[in-house]
Structure formats: structure tokens, C-alpha cells
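Notes follow the structure.
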Amino acid sequence: FEPLPKYKPALLPANERRRASAVVRLAFGACEDAVGERIEEASQLAGVFTASGGDYDINDQICRALLEDDKAVSPTQFHNSVHNAAAGYWSIASKSHATSVSLSSYNDSVSAGILEALTLLAIEKMSVLLVCGDHKISPPMHKHRPIDQPFAAALWLSPELSANAIAKLDISISNNDSVETQSLLPEFEAMRCDNPAAKILPLLELLARNDEGSVVFSMAGSQTLQVTLSSC
């Protein structure tokens, strides 16, 4: 894969855009693609943002700063180190005051995000923007958490069918050792194995092909999450 160019969030005000980290920009690219021109509707969306471990590079830079004599931590880096940084920037850009959740479940963050988003749909009856993203990790963190390719994706989920709907989604949880669904394309499968956020790729492949079917995701422990797509 070719390296991604530095993304310039179109909806983010100039001051926030200058402060946005690579992780935030990656998530923003997915958000803006999912929302398209429906930005006024996006202000009503709840948000579920998932990442397997947050901004590793910024946390590394903060740790390095704390080793210096003056221990001067950049306010911008500290601001971007929190796990809900991407969600906060998106709330500013979309002018949203809706519920927002930022979570992590290490390699199972995608399934945790899907479960959280569907819970909001079922209980709160509100539309949700589900965002899954992990950036590549640089040395020395890479030795312990080797992620080589950045990846992010976002889905606009609604509790009711609309003219913009492309599929219906159902989930079930099983207490078995079902194997995770693999991607059809070798390049996508390599990405899925490299980046925890890319575990959503088999689901995106079904959507892109306008196919019906099921995708299995691992969860914490021995449970698995099965997501079933059907036509509207």
C-alpha cells in the first residue's frame, strides 16, 4: 500500500486543524467520507469511536519529555493523548452535543464498538456514527505493538430504514470458538491481520458488493460476535 498523504479535515476549524494529530486526522477522514454532504444531519449522530490502544506515538513523545530535566510536556501533545481526542474534535466540527463514547478492547475493539453502537440503536433509538481506527506505530513502541499500516473506517447506523440505507444489520453473540471471517482479497487480509481496526474489512466487503451474509468477529474471552447483513 502507498503511504497515505496528510489528511486535511475539511470540517475542522483552522486552529483545531493545526493541533490535530495523525490519529485524529485518520479518524476524521473516515468520518467525513461516511457523512458526505449530510453534515447538518451528522450533528444529531451519537458517536462510538474505537481504537485498540490510542495514540502510541504521542504517548511515547510525552514519556520522552518526562525523562528530560525540565519535564516540559507539550500542551498540544497532552491534549491529544486522551483516548477521546478524535471524538472531541469531531464533536467540534459537526457541532454535535449528542452522546459520544470512546472505547478500547485491544485487538477486539471493532466488535466492542459494534456492540456499543447497536446497544445505542436499540435502547436510545438514536442514529450512531461508528468509527474504527488505528494508526501505524513507530519505534520503539512498534517492537511491542507492531502495526505497520494506518486504517480507519466509519459507518452511519440508524435504528430505522431510510432512503439512504444500503443494508440491514443484525448481531448475535456466541459462546463458541468460531473462526474470524477473513477478507477475500489477499491485500485486504494482510491489512486485517496487521491493523486491529481493519478487522471490519470483511463487513465492508459485503457492503461494497451489496451481498448478504455474516461476518464473525472475536470478542474478549471465548465469545464471538456475528454480524449478519441482509438487503433492505
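For the sequence shown, this note's numbering gives the first residue as 1, with consecutive numbering after it.
We put the beta carbon where it would ideally sit given N, CA and C, even for glycine.
Predicted, not measured: the structure shown is a model, and the values here were computed from it.
Quiz prompt | Close-in-space but distant-in-sequence residues of the same chain around residue 232 (CB under 8 Å, 5 per side omitted) | solution = In the sequence shown, counting from the first residue as 1, residue 232 sits at position 232. Cβ neighbours of residue 232 beyond the five flanking positions: 161, 165, 166, 167 and 168.
Quiz item: Is the beta carbon of residue 100 less than 8 Å from the beta carbon of residue 94?
Solution: Here residue 100 is taken as the residue at index 100 of the sequence shown, counted from 1. Here residue 94 is taken as the residue at index 94 of the sequence shown, counted from 1. No; because the gap between Cβ atoms is not below 8 Å, this pair is not in contact.
Quiz item: Is the segment 78 to 92 in contact with the segment 117 to 125, if contact means three or more CB pairs nearer than 8 Å?
Solution: no
Quiz item: Straight-line CA distance for residue 218 to residue 211?
Solution: Walking along the sequence shown from the start, residue 218 turns up at place 218. Walking along the sequence shown from the start, residue 211 turns up at place 211. When rounded, the distance between both Cα atoms is 22 Å.
Quiz item: Between residue 32 and residue 3, is the Cβ-Cβ spacing less than 8 Å?
Solution: Translated into positions along the sequence shown, residue 32 becomes position 32. Translated into positions along the sequence shown, residue 3 becomes position 3. For residue 32 and residue 3, no; Cβs fall outside 8 Å.
Quiz prompt | 3 or more residues per run - each beta strand (DSSP E) lying fully within the segment 108 to 189 | solution = 128 to 134, 151 to 157 and 168 to 174
Practice problem: Tell me residue 213's beta-bridge partners as DSSP assigns them. | Solution: The residue labelled residue 213 in the question sits at position 213 within the sequence shown. In the DSSP output, where bridge partners are listed per residue, residue 213 has 229.
Self-check item: Neighbourhood of residue 249 by C-beta, 6 Å cutoff - its chain only, sequence neighbours within 5 removed
Solution: An answer regarding residue 249 cannot be provided, because it is not within the stretch 1 to 232 covered by the chain.
Quiz prompt | residue 107 to residue 14 span [Cα, whole Å] | solution = If you number the sequence shown from 1, residue 107 lands on position 107. If you number the sequence shown from 1, residue 14 lands on position 14. In a straight line, the C-alpha of residue 107 is about 34 Å away from that of residue 14.
Quiz item: If we call anything under 8 Å between Cβ atoms a contact, is residue 129 one with residue 113?
Solution: By one-based count along the sequence shown, residue 129 stands at place 129. By one-based count along the sequence shown, residue 113 stands at place 113. Their beta carbons are not under 8 Å apart, which means residue 129 does not touch residue 113 by this criterion.
Quiz prompt | Beta-carbon proximity of residue 30 to residue 152, cut-off 8 Å | solution = For the purposes of this step, residue 30 is taken as residue 30 along the sequence shown, with counting starting at 1. For the purposes of this step, residue 152 is taken as residue 152 along the sequence shown, with counting starting at 1. Going by C-beta atoms, residue 30 is nearer than 8 Å to residue 152.
Quiz item: Whose CA, out of 49, 47, 37 and 20, lies closest to the CA of residue 78?
Solution: Residue 78 sits at position 78 when you count from the first residue of the sequence shown. For the residues 49, 47, 37 and 20, the minimum Cα distance to residue 78 belongs to 20.
Exercise. Compare the beta carbon distance of residue 134 and residue 52 with 8 Å and say whether it is the shorter of the two.
Key: For this step, residue 134 is matched to residue 134 along the sequence shown. For this step, residue 52 is matched to residue 52 along the sequence shown. Yes, the pair counts as a contact, with Cβ atoms nearer than the cut-off.
Quiz prompt | Contact under 8 Å by Cβ, residue 117 with residue 73 | solution = As a first step, residue 117 is located in the sequence shown; it is residue number 117 there, counting from the start. As a first step, residue 73 is located in the sequence shown; it is residue number 73 there, counting from the start. Against a cut-off of 8 Å, the Cβ pair of residue 73 and residue 117 comes out as no contact.
Quiz item: Would you call residue 63 buried or exposed, if buried means 16 or more other Cβ atoms sit within 10 Å of its Cβ?
Solution: Stepping through the sequence shown from its first residue, residue 63 is reached at position 63. Classification of residue 63: exposed, given that the 10 Å Cβ count is below 16.
Exercise. Compute the Euclidean distance between the alpha carbons of residue 227 and residue 170, then round it to the nearest angstrom.
Key: Indexing the sequence shown from 1 puts residue 227 at position 227. Indexing the sequence shown from 1 puts residue 170 at position 170. Using only the alpha carbons, I get a separation of about 6 Å.
Practice problem: Go ahead and label residue 233 buried or exposed: buried means 16 or more other beta carbons lie within 10 angstroms of its beta carbon, across all protein chains shown. | Solution: The displayed coordinates of the chain run from 1 to 232. Any statement about residue 233 would go beyond what the structure contains.
Quiz item: residue 34 and residue 126: beta carbons closer than 8 Å?
Solution: For the purposes of this step, residue 34 is taken as residue 34 along the sequence shown, with counting starting at 1. For the purposes of this step, residue 126 is taken as residue 126 along the sequence shown, with counting starting at 1. In this structure, residue 126 does not lie closer than 8 Å to residue 34 by Cβ.
Quiz item: Thinking C-beta only, is residue 86 closer than 8 Å to residue 23?
Solution: Here the question's residue 23 lines up with position 23 in the sequence shown. Here the question's residue 86 lines up with position 86 in the sequence shown. Cβ atoms of residue 23 and residue 86: closer than 8 Å.
Practice problem: Tell me where the alpha helix (DSSP H) around residue 82 begins and ends. | Solution: Against the sequence shown, residue 82 aligns to sequence position 82. Looking at the DSSP string, residue 82 is not in any alpha helix (DSSP H), and its letter there is neither H nor E.
Practice problem: In angstroms with no decimal places, state the Cα-to-Cα distance between residue 55 and residue 83. | Solution: To locate residue 55, count along the sequence shown from 1; it is residue 55. To locate residue 83, count along the sequence shown from 1; it is residue 83. If I take the Cα positions, the gap works out to 8 Å.
Exercise. Tell me the start and end of each unbroken beta strand (DSSP E) in the segment 39 to 74 that is at least 3 residues and wholly inside, in chain order.
Key: 46 to 50
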